[in-house]
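Following: one structure in structure tokens, then a few remarks.
Chains as they are written, first to last, in my numbering: chain C, 656 to 814; chain B, 334 to 425.
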């Protein structure tokens, strides 16, 4: 597999634990924006995160393929699959660990979406190259939505 | 290693961070190795922030284990064959 992926653009949306309410709505919102740009999305997460997404979009207007996070990591590590972009939803150390893992095993452009009450602490722990969107948002998705709206055109044009 | 619960193991640290795991391994286990995230061990790809440390201690293997909703654990898994394999491979 080449260092940089070619062909139609696609994006991995890497979900963390769904305990922070805005994750599901923001993942659906981002999937919708990417789809409108012609970018295919694949969503990965643990069972709870995936179930939240699939229940919220039962007719799959916004989401496409949804896969188990361990299976996704295995496919990336074994170079069986790759993506142009990886948007990682992060609100704790575990989420950051998953994002760092994808960074280490995939050439996908990394965009870290950091939110939750400890967003500053988590953002300060990032020590690998990535675009970082960090917002204090837990229950109200609007601050994060505004930030994504602000940087999204640049991300899809420049990364 | 499909699931932490299905393995015979001892939890050395729970609700911890990748940095604390790294520091614990460096200070407690002289026989340690640096692996890349995604390194396959016990049929599982390791999750973590590089440099990712694992260790052997006698017949036991010490690895970090991360679950999205439960955070990071440092676990000790008795497995003489894997310990010997790591000593032989000396992964980097």
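We put the beta carbon where it would ideally sit given N, CA and C, even for glycine.
On a CA-only basis, which of the options is nearest residue i? Give me that one, please.
i	options	result
residue 803/C	790/C, 754/C and 728/C	790/C
residue 731/C	662/C, 762/C and 708/C	762/C
residue 766/C	728/C, 741/C, 706/C and 726/C	741/C
residue 423/B	378/B, 394/B and 339/B	394/B
residue 696/C	702/C, 676/C and 669/C	669/C
residue 698/C	746/C, 734/C and 715/C	715/C
residue 401/B	694/C, 753/C and 811/C	753/C
residue 662/C	703/C, 734/C, 692/C and 738/C	738/C
residue 413/B	397/B, 375/B and 407/B	375/B
residue 726/C	415/B, 389/B, 378/B and 410/B	378/B
residue 745/C	681/C, 814/C, 812/C and 707/C	681/C
Please report the residue range of the beta strand (DSSP E) in which residue i lies.
i	result
residue 743/C	740-745
residue 750/C	Careful: residue 750/C lies outside any beta strand (DSSP E), inside the alpha helix (DSSP H) at 748-760.
residue 400/B	393-400
residue 387/B	385-390
residue 367/B	365-368
residue 380/B	It is not in any beta strand (DSSP E) - residue 380/B carries neither H nor E in the DSSP assignment.
residue 718/C	Note, residue 718/C: premise wrong, no beta strand (DSSP E); not H, not E.
residue 789/C	786-789
Look up residue i in the DSSP assignment and say whether it is helix, strand or coil.
i	result
residue 405/B	strand
residue 798/C	helix
residue 423/B	coil
residue 656/C	Model confidence at residue 656/C stands at a pLDDT of 45, short of 50, so the residue's coordinates are unreliable; what they give is reported in the following sentence. Reduced to three states, the DSSP call for residue 656/C is coil.
residue 804/C	helix
residue 334/B	Caution is warranted here: a pLDDT of 43 is assigned to residue 334/B, below 50, making its placement in the model unreliable, and no coordinate value can be reported.
residue 674/C	coil
residue 764/C	strand
residue 681/C	helix
residue 410/B	strand
residue 417/B	helix
residue 782/C	coil
residue 812/C	helix
Along chain C, which residues have their Cβ under 7 Å away from the Cβ of residue i?
i	result
residue 369/B	759
residue 351/B	748 and 752
residue 384/B	Result: empty, since nearest Cβ-Cβ is about 10 Å, beyond 7 Å.
Identify the continuous alpha helix (DSSP H) that holds residue i and give its terminal residues.
i	result
residue 725/C	724-732
residue 776/C	774-779
residue 668/C	It is not in any alpha helix (DSSP H) - residue 668/C instead sits in the beta strand (DSSP E) that spans 665-669.
residue 358/B	351-361
Mind pulling the chain B residues with CB within less than 8 Å of residue i?
i	result
residue 728/C	371, 378 and 380
residue 724/C	401
In chain B, what lies closer than 9 Å to residue i by C-beta?
i	result
residue 674/C	402
residue 700/C	401
residue 703/C	401 and 402
residue 671/C	401 and 402
Could you name the residues of chain B that residue i contacts, counting a contact when the two beta carbons are closer than 7 Å?
i	result
residue 756/C	370, 371, 380 and 381
Inset, instruction - Please specify which runs of the alpha helix (DSSP H), each continuous and at least 4 residues long, are wholly inside the segment 684-711 of chain C, giving them in chain order. - result: Those alpha helix (DSSP H) runs which fall completely within the segment 684-711 of chain C and span 4+ residues are 702-711.
Legend entry - Cβ-based contacts, 9 Å cut-off: residues of the segment 392-424 of chain B near chain E: Checking the listed chains, one finds no chain E in this structure; the protein chains it contains are C and B.
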